[in-house]
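Trainee: When we follow my numbering, the leftmost residue of the sequence shown carries the number 1, and every step to the right adds one. Can you read through this structure? Questions will come right after.
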Amino acid sequence: MLQIQRGLIIISSVCIIYLVIIWLSSIKLIVHHSPLYKINENEYFKNCIKSKHSWIRCTKYLNLINNQKIISLDSYSQRWPPSSVTYLIDERLHSFNLALHFSLAHNATDSKDEDLYNKFADMVSNSYKQEELLTGMEPEYMGSNSTDYSIFPQNLNFSKLIYDIQNAIPIHTKPINNPEMFALRVPKSVCRSYNNELIPNLIVIIKSSVYNFEYRDRARRTFMQKKLWPNFSVQFVFVLGIPMENESNSFRFDGNTYVLDTKWWRFSKHYGSSKWPFVKQLSLEADLYDDLLIGSFHDTYYNLTKKMIFCLRWLSAFCPKQVPLYLFIDDDYDLVPKNVITFYDNNTEDYLRNMNGGYIRSSRTVFRPMVDETSSVWAMTVKEFPWISYPPYYHGLTYVIGASLVHRLAIASAFVREIRIDDAYLGILFNKLNITLVHLNIIGPSLTKKDIMSGGINVHHKISKRIMNWSSGMPK
């Protein structure tokens, strides 16, 4: 009998301890080490660079994934941004998959609008060819000279669509641009919800070519210096893709061949056909500075749109409610910290969360490929984009987007077909969301010393080298 009593006491004690643990967990006195901590080690990327063989195997698998246009969405209810980034963990690569996950209605269908758009594009393309033979002019009928871009490539109620996805309400239209996008290398110190450090005022996203270590190193030595941002919390992240084995500078789109003779290609040739030695250097850079966000896509000029979408989704998923404003800048431009801080402080946080601003391009002409011309990197065929001009868009050198708009743009991108010109594509997304672009005089392609003294926030490297004093962060 005594043994039975002792047994009951032990069982009761165990139950009580278990209940206490459950209670403590509910009030967050016990910290659970979620799978996120393991993901932080960027395990897949590290495994890929262990040997040349493993790198080649990884790139082949990533190429296979990159060729998939869309993922099959799970049937369970989910929203975007996700309530936790752990929902983005993909066990195949043990990495974050930034394809949007949201709830589809059981009767969700492919958009019929896209078929209508394709027919429209074919008709304009055929008419263009006929007109070109007669006059050499692009036809101005059938809507090609219209400014109504609503049918590209489908006409949706984006306000309702975004509201439903943000609130886990099943939607009835399947996405058309939602490929798997893996974050192979994630900075541990930028945009982490579990980080107890001061919430940043601003996140600066530097769009960098994978081979541009020199530019990244320059940024770290100049405008990224902590002393130049007094009493202001700012975080920096470089966004890039990966190099591929046996890269070529020849690309083919819609029956046309384009040859890139750019700095990217010159660096690619310098490192040879195998990119494993370079990627090892890239991994060392990432470990040393912890400021690289590396996507699973091929880093080329023609994947800049994919890089932008990847970036928007990462910001939307990893930085919700953390920071009001994001600043995007090309890696061949510098920032003027003092003027950025002044611009930030002159606006309320609510305004910053909902604002957008940049340098609006005056020319929006859609360039067409010429016969036997392979060097026009911006050319789009009539079939790819049948209008003669793009909607208004920012010059990609520098622009700012509020946090609430980043969420909306990230979602909208899954329902708008990519075009290769990333700046124009962002303009199309703004157009779809009925967001008016705001021209900021403090941003420009070639601001001078006078412009900077008047509040300009960005300066091209060529000008910066002549006029900037990086001890003070202002012109000499």
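For glycine and all other residues, C-beta sits at the position ideal for the given N, C-alpha and C.
(1) Quick one, are the C-beta atoms of Ser458 and Tyr271 less than 9 angstroms apart?
(2) Val406 to Ser316, Cα distance in whole Å?
(3) If you count every other CB in all the chains shown that lies within 10 Å of the CB of Val31, and 16 or more means buried, which is it?
(4) Excluding five sequence neighbours on each side, which residues of the same chain lie with their C-beta closer than 6 angstroms to the C-beta of Lys306?
(5) Is it buried or exposed for Gln154, if we count other Cβ within 10 angstroms and need 16 for buried?
(6) Go to His270, then tell me how far its alpha helix (DSSP H) extends in each direction, as first and last residue.
(7) Who does Asp330 pair with in a DSSP beta bridge?
(8) Spell out a yes or no on whether the region 232-251 and the region 197-206 are touching, meaning 3 or more CB-CB pairs, one atom from each, closer than 8 angstroms.
(9) Alpha carbon to alpha carbon, what distance is there between Leu100 and Ala414?
(10) Locate the beta strand (DSSP E) running through Asn256, then write down its first and last residues.
(11) Would you mind sorting Met308 into buried or exposed? The rule is 16 or more other CB atoms within 10 Å of its CB.
(12) Please classify Ala105 as buried or exposed, where buried requires at least 16 neighbouring CB atoms within 10 angstroms.
(13) Just to check my reading of the structure: Gly427 and Pro392 have Cβ atoms closer than 8 angstroms, yes? What is that Cβ distance to the nearest angstrom?
(14) Relative to the alpha-carbon of Leu481, which residue among Arg313, Ser471, Met224 has its alpha-carbon at the smallest distance?
(15) Run the CB neighbour count on Asn477, radius 10 Å, all protein chains shown included, and call it buried at 16 or more, exposed below.
(16) Go through its chain and collect everything with a Cβ distance to Ala108's Cβ below 6 angstroms, but skip five positions before and after it.
(17) Are the beta-carbon atoms of Asp291 and Pro187 separated by less than 9 angstroms?
(18) Quick one: what's got a C-beta closer than 6 angstroms to Asn256's C-beta in the same chain, skipping five residues either side?
(19) Nearest CA to the CA of Val210: which residue from Val279, Ile65, Thr86?
(20) Rounded to a whole number of angstroms, what is the C-alpha to C-alpha distance between Pro475 and Ile452?
(21) What ranges does the beta strand (DSSP E) occupy inside the region 391-461, keeping only unbroken runs of at least 3 residues that lie completely in it?
(22) Kindly provide the ranges of any alpha helix (DSSP H) runs that are 4 or more residues long and lie completely inside the region 36-66, ordered along the chain.
(23) For Ser95, does the count of other Cβ atoms within 10 angstroms reach 16, so buried, or fall short, so exposed?
(24) Beta strand (DSSP E) containing Asn201: first to last residue?
(25) To which residues does DSSP link Ala168 through a beta bridge?
(26) Quick check: what's the CA-CA separation for Glu140 versus Gly402?
(27) How far does the beta strand (DSSP E) with Arg221 in it extend, from its first residue to its last?
(28) Mark Ile442 as exposed unless 16 or more other C-beta atoms lie within 10 angstroms of its C-beta, in which case mark it buried.
(29) Looking only at its chain, what residues have a beta carbon closer than 6 angstroms to the beta carbon of Glu285, apart from the 5 residues adjacent to it on each side?
(30) Please tell me whether Gln281 and Phe213 are closer than 9 angstroms, where the distance is taken between their beta carbons.
(31) Using beta-carbon positions only, say whether Leu240 and Ile294 come within less than 9 angstroms of one another.
(32) By the three-class DSSP mapping on this structure, what secondary structure does Ser111 have?
Mentor: On the basis of the supplied data:
(1) Correcting the residue type first, residue 458 is Asn in the shown sequence and not Ser. Taking 9 angstroms as the Cβ cut-off, Asn458 and Tyr271 do not qualify as a contacting pair.
(2) 6 angstroms
(3) For Val31, the predicted structure reports a pLDDT of 31, less than 50, and the residue's modelled location is therefore unreliable. The matter cannot be settled from this model.
(4) Phe297
(5) buried
(6) 263-271
(7) Lys207
(8) yes
(9) 7 angstroms
(10) 256-259
(11) buried
(12) exposed
(13) 6 angstroms
(14) With the chain running from 1 to 476 in the structure shown, residue 481 is simply not present.
(15) The structure shown does not extend to residue 477, since the chain is modelled only from 1 to 476, so the question has no answer here.
(16) His172, Lys174
(17) yes
(18) Pro369
(19) Val279
(20) 8 angstroms
(21) 394-402, 458-460
(22) 43-48, 52-66
(23) buried
(24) Counting along the chain, Asn201 falls outside any beta strand (DSSP E), and DSSP gives it neither H nor E.
(25) Note: Ala168 sits in no beta bridge, so no partner.
(26) Annotation note: pLDDT 46 at Glu140 (below 50); position unreliable, no value reported.
(27) Element bounds for Arg221: not the beta strand (DSSP E) but the alpha helix (DSSP H), 213-221.
(28) buried
(29) none
(30) yes
(31) yes
(32) coil
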